[in-house]
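Residue numbers (my numbering), protein chains in the order written: chain A, 1 to 236; chain B, 237 to 700.
In structure tokens form, the structure reads like this:
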């Protein structure tokens, strides 16, 4: 082996080693940063626990005073071709017992690749027009016309937020998916990296999502005529 | 990156980054720069020096039409997904299936071409060190498997590499040009062939060279279609893409100038790494090292992007049931379309190990051409079904239908150019897509959720 060959091999090996070092360092840093995303949100709940998900993004679980439970997950989405990476906040409120509610969900700007969505798993297509310029996929499980009408008003309010991606309600609970951050365009174009400009999820952002979830849930507590009538005639 | 509030704050920050000049440039150039490092020179082999330059500029015109047409449709179809989503809404599922295949094949073949180039580059460097006959295949396999593994695990998502890599690739071309212009080359530039053999195959050679002239820009429509989830109409303007096309035109002309001046066109037409070979001719070790790094970075970055995009397109077709839904699975930990990534690896390896570089490039170009051809009648149908005043458009491209007609004429010319010398590949690709379409129409379509294909709140199309 000549000196030039040895020098070349050493140069290449050094370069690869440097790249590997940078890769491992950046990966560890990114994983460490992920865990702290929901720290600010913890203070919204009396007893909240944060655990790392399988992809190291945090999952917050807490109990609400009325017996319901809430789960907040951060979901990275790099799966749509020709779209920037997205970071979704997925909020689920579960009721302790099933309630008399339909199963209806709406998904905005559907591409079919929403692996985190409940809507794609619902069997029936529902005709619900909320806005003339909002592409919406609405599905459910054989909802009645009254149930669709009850849902329309709340869905219209919920999807007035341009960051809203999915809103779904079932007898077991309510689901909201809202866009938390979008990936850096330059980083994505060059090396398909997913760089998000967020270090911590603001409590206000989660409050807005909670508000949307409650709005959707209340649509079937108040706007249903039979429930409303029962509430009005119930003994005091 | 500083802490920021989500919602409006993060969106404002992302818009600021989009508007930064470095990223506007990166929009257009990005991974497309690999076309300057390899492949384009086969156009010189098909038609001579001048033909290669003409092909470069004519291809620039073709891609300008692509950018104009694509910007209008992208700005109006709110759902992301590029031409695949456009086809679903404007033409139908069969066209969307074909467009998805175009994307997958174009990028998988480009990935294979990149891997071949890496192997060829290492073989060349080994030969310069006195170790001739290096087996390229292990390096080709290593490149594809290594990048596929990184994509499988989503590792690259956490890296901090950014403009530095593509900056090196672009700067290397500029440095080579300046070095040669200011006499740093042991061999002076020689353009006497322009007088003696300007068009060795005549004007037919000029037409034939358009085939590989597309390679300078192939994939640029992908960078301009890196859409936001919530699209602002002002962001639909194709300024970034036009800036990218102009940047590539300059880089392509510089590349042609340096390589044609240093390397006889007969040899340039068959080179695997023309820029690196040009650096070798100069005799400068520094230039050789710089162009080696530039070639390696450009090809590997391009291959990474191809694995990423091709797997996402295959994954999307699985999710839509155009393909078995098995391909639509997401890795529970890494959040990657792992089955699609794994499925496409052997396809890339077969072509990278079994086909010569010019044929692999031809397969990629043909798939891209079919996608551009689709865009012409897609645009015609779009304007006819939903005229300008009927739906809100973020951008309306001027002089319709002239860009679509020009694009169709240039695509037709490019098909004829491919036929000149690669007729077998042309027929083979057409047969592949016809057979695939028949399979989809007679078998696969029954599984598609037809109502979910069209989600835009547009009015009923004119005539329906």
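No residue lacks a Cβ here, since even glycine has one placed at the ideal position from N, Cα and C.
For residue 65 of chain A and residue 106 of chain A, the rounded distance between their alpha carbons: Within the first chain, the letter at position 106 stands for residue 106 of chain A. Within the first chain, the letter at position 65 stands for residue 65 of chain A. Distance between the alpha carbons of residue 106 of chain A and residue 65 of chain A: 28 Å.
Between the alpha carbons of residue 158 of chain A and residue 291 of chain B, how many angstroms are there, rounded? Against the first chain, residue 158 of chain A aligns to sequence position 158. Against the second chain, residue 291 of chain B aligns to sequence position 55. Their Cα atoms are separated by approximately 53 Å.
If you follow the beta strand (DSSP E) that residue 88 of chain A is in, where does it begin and where does it stop? Locating residue 88 of chain A in the first chain gives position 88, counting from the first residue. Its beta strand (DSSP E) spans residues 86 to 94.
If you compare alpha carbons, which of B/344, B/524 and B/374 is closest to residue 365 of chain B? The count along the second chain starts at 1 and reaches residue 365 of chain B at position 129. The shortest Cα separation from residue 365 of chain B among B/344, B/524 and B/374 belongs to B/524.
CA-to-CA distance, residue 276 of chain B to residue 620 of chain B, given in whole angstroms: As a first step, residue 620 of chain B is located in the second chain; it is residue number 384 there, counting from the start. As a first step, residue 276 of chain B is located in the second chain; it is residue number 40 there, counting from the start. In a straight line, the C-alpha of residue 620 of chain B is about 37 Å away from that of residue 276 of chain B.
Considering only the alpha carbon of each residue, which of B/517, B/543 and B/571 lies closest to residue 340 of chain B? Locating residue 340 of chain B in the second chain gives position 104, counting from the first residue. Nearest of B/517, B/543 and B/571 to residue 340 of chain B, Cα basis: B/543.
Assuming residue 182 of chain A is part of the beta strand (DSSP E), what are its boundary residues? One-based indexing of the first chain puts residue 182 of chain A at position 182. Note, residue 182 of chain A: beta strand (DSSP E), 173 to 182.
Chain-ordered chain A contacts of residue 320 of chain B [CB-CB under 7 Å]: Mapped onto the second chain, residue 320 of chain B falls at position 84. Neighbours of residue 320 of chain B on chain A, chain order: 81.
Write down the C-beta distance between residue 781 of chain B and residue 294 of chain B rounded to the nearest angstrom, noting that I regard them as a contact closer than 8 Å. Residue 781 of chain B lies beyond the residue range present for chain B, which begins at 237 and ends at 700; the question has no answer from this structure.
Taking residue 249 of chain A as the query, report the chain B residues whose CB atoms sit under 7 Å from its CB, ordered along the chain. A question about residue 249 of chain A goes unanswered here, because the residues of chain A that appear run from 1 up to 236.
Tell me whether residue 74 of chain A sits in a helix, a strand or coil according to DSSP, three-state version. For the purposes of this step, residue 74 of chain A is taken as residue 74 along the first chain, with counting starting at 1. DSSP places residue 74 of chain A in strand when its eight states are reduced to three.
Would residue 372 of chain B and residue 356 of chain B qualify as a contact pair, given that the criterion is a beta-carbon distance under 8 Å? Taking the first residue of the second chain as 1, we reach residue 372 of chain B at position 136. Taking the first residue of the second chain as 1, we reach residue 356 of chain B at position 120. Yes. Within cutoff.
Can you find the residues in the same chain that come closer than 8 Å, C-beta to C-beta, to residue 173 of chain A, ignoring five residues on each side of it along the sequence? Within the first chain, numbered from 1, the residue matching residue 173 of chain A stands at position 173. Once the five neighbours on either side are set aside, the close Cβ partners of residue 173 of chain A are 68, 92, 93, 94 and 95.
Give the residues of chain B in contact with residue 133 of chain A, contact being defined as C-beta atoms less than 7 Å apart. To locate residue 133 of chain A, count along the first chain from 1; it is residue 133. The contacting residues are 628 and 693.
Contact check, residue 581 of chain B vs residue 381 of chain B under 8 Å by CB: the rounded distance? Against the second chain, residue 581 of chain B aligns to sequence position 345. Against the second chain, residue 381 of chain B aligns to sequence position 145. About 7 Å; that satisfies the 8 Å criterion.
Given 7 Å as the limit, tell me if residue 59 of chain A has its C-beta closer than that to any heavy atom belonging to the ligand ADP. The ligand ADP is absent from the structure shown, which contains no ligands of any kind.
Check whether the Cβ of residue 215 of chain A lies closer than 8 Å to any Cβ atom in chain B. As a first step, residue 215 of chain A must be located in the first chain, where it is residue number 215. Not an interface residue.
Can you check whether the C-beta of residue 58 of chain A is within less than 8 Å of a C-beta belonging to chain B? Numbered from its first residue, the first chain carries residue 58 of chain A at position 58. No, no contact with chain B.
What number of angstroms, rounded off, separates the C-alpha of residue 438 of chain B from the C-alpha of residue 642 of chain B? Residue numbering aside, residue 438 of chain B sits at position 202 when the second chain is read from its first letter. Residue numbering aside, residue 642 of chain B sits at position 406 when the second chain is read from its first letter. If you take the alpha carbons of residue 438 of chain B and residue 642 of chain B, they lie about 23 Å apart.
For residue 98 of chain A and residue 263 of chain B, the rounded distance between their alpha carbons: Along the second chain, one-based indexing puts residue 263 of chain B at 27. Along the first chain, one-based indexing puts residue 98 of chain A at 98. Caution applies to residue 263 of chain B, whose pLDDT of 47 falls short of 50 and renders its modelled position unreliable; the value that the coordinates give is listed next. The alpha-carbon atoms of residue 263 of chain B and residue 98 of chain A are separated by roughly 50 Å.
Pull up the CB-CB distance for residue 112 of chain A and residue 556 of chain B, whole angstroms please, since I reckon it's below 8 Å. Locating residue 112 of chain A in the first chain gives position 112, counting from the first residue. Locating residue 556 of chain B in the second chain gives position 320, counting from the first residue. The pair is a contact, with the Cβ atoms about 5 Å apart (cut-off 8 Å).
Quick check: residue 279 of chain B and residue 631 of chain B, are their CB atoms within less than 8 Å of each other? By 1-based counting over the second chain, the position of residue 279 of chain B is 43. By 1-based counting over the second chain, the position of residue 631 of chain B is 395. Cβ atoms of residue 279 of chain B and residue 631 of chain B: not closer than 8 Å.
Determine the direct distance from the alpha carbon of residue 576 of chain B to that of residue 320 of chain B, and round the result to whole angstroms. Here the question's residue 320 of chain B lines up with position 84 in the second chain. Here the question's residue 576 of chain B lines up with position 340 in the second chain. Using only the alpha carbons, I get a separation of about 17 Å.
So residue 541 of chain B contacts chain A; which residues on that side make the cut at Cβ distance below 7 Å? Here residue 541 of chain B is taken as the residue at index 305 of the second chain, counted from 1. Neighbours of residue 541 of chain B on chain A, chain order: 192.
Decide yes or no for the touch test of the segment 328 to 336 of chain B against the segment 647 to 663 of chain B: beta carbon pairs closer than 8 Å, at least 3 of them. no
Give a yes or no on whether the minimum CB-CB distance between residue 144 of chain A and chain B is below 8 Å. Taking the first chain and counting its residues from 1, one reaches residue 144 of chain A at position 144. No, because no Cβ of chain B sits closer than 8 Å to the Cβ of residue 144 of chain A.
Just the chain B side, please: which residues come within less than 7 Å of residue 115 of chain A by C-beta, in chain order? On the first chain, residue 115 of chain A is found 115 positions in, with the first residue counted as 1. Result: 566.
Note down, in chain order, every chain B residue with its Cβ under 9 Å from the Cβ of residue 4 of chain A. Looking up residue 4 of chain A in the first chain gives position 4. Result: 364, 365 and 366.
Going straight from the alpha carbon of residue 198 of chain A to that of residue 586 of chain B, what length do you get? In the first chain, counting from the first residue as 1, residue 198 of chain A sits at position 198. In the second chain, counting from the first residue as 1, residue 586 of chain B sits at position 350. One C-alpha to the other measures close to 42 Å.
On a Cα-Cα basis, can you pick out the residue from A/74, A/79, A/78 and A/80 that is closest to residue 88 of chain A? Here residue 88 of chain A is taken as the residue at index 88 of the first chain, counted from 1. Among A/74, A/79, A/78 and A/80, the Cα nearest to that of residue 88 of chain A belongs to A/74.
With distance defined between alpha-carbon atoms, name the residue in B/517, B/484 and B/505 nearest to residue 498 of chain B. What you label residue 498 of chain B is simply residue 262 of the second chain in a count that begins at 1. The shortest Cα separation from residue 498 of chain B among B/517, B/484 and B/505 belongs to B/517.
Residue closest to residue 591 of chain B, alpha-carbon to alpha-carbon, out of B/304, B/348, B/302 and B/375: Position 355 of the second chain holds residue 591 of chain B. Comparing Cα positions, the closest option is B/348.
How big is the Cα-Cα spacing for residue 210 of chain A and residue 204 of chain A? Here the question's residue 210 of chain A lines up with position 210 in the first chain. Here the question's residue 204 of chain A lines up with position 204 in the first chain. So the two alpha carbons sit approximately 10 Å from each other.
For residue 314 of chain B, three-class secondary structure by DSSP: Here residue 314 of chain B is taken as the residue at index 78 of the second chain, counted from 1. Three-state DSSP puts residue 314 of chain B in coil, outside helix and strand.
Got a sec: which bits of the segment 526 to 558 of chain B sit with their beta carbon under 8 Å from any beta carbon on chain A, in order along the chain? 537, 540, 541, 544, 545, 548, 549, 551, 552, 555 and 556
Presumed contact (8 Å Cβ cut-off) between residue 169 of chain A and residue 212 of chain A, rounded CB distance: Counting from 1 along the first chain, the entry for residue 169 of chain A is found at position 169. Counting from 1 along the first chain, the entry for residue 212 of chain A is found at position 212. Actually they do not touch by this definition, with Cβ atoms about 11 Å apart.
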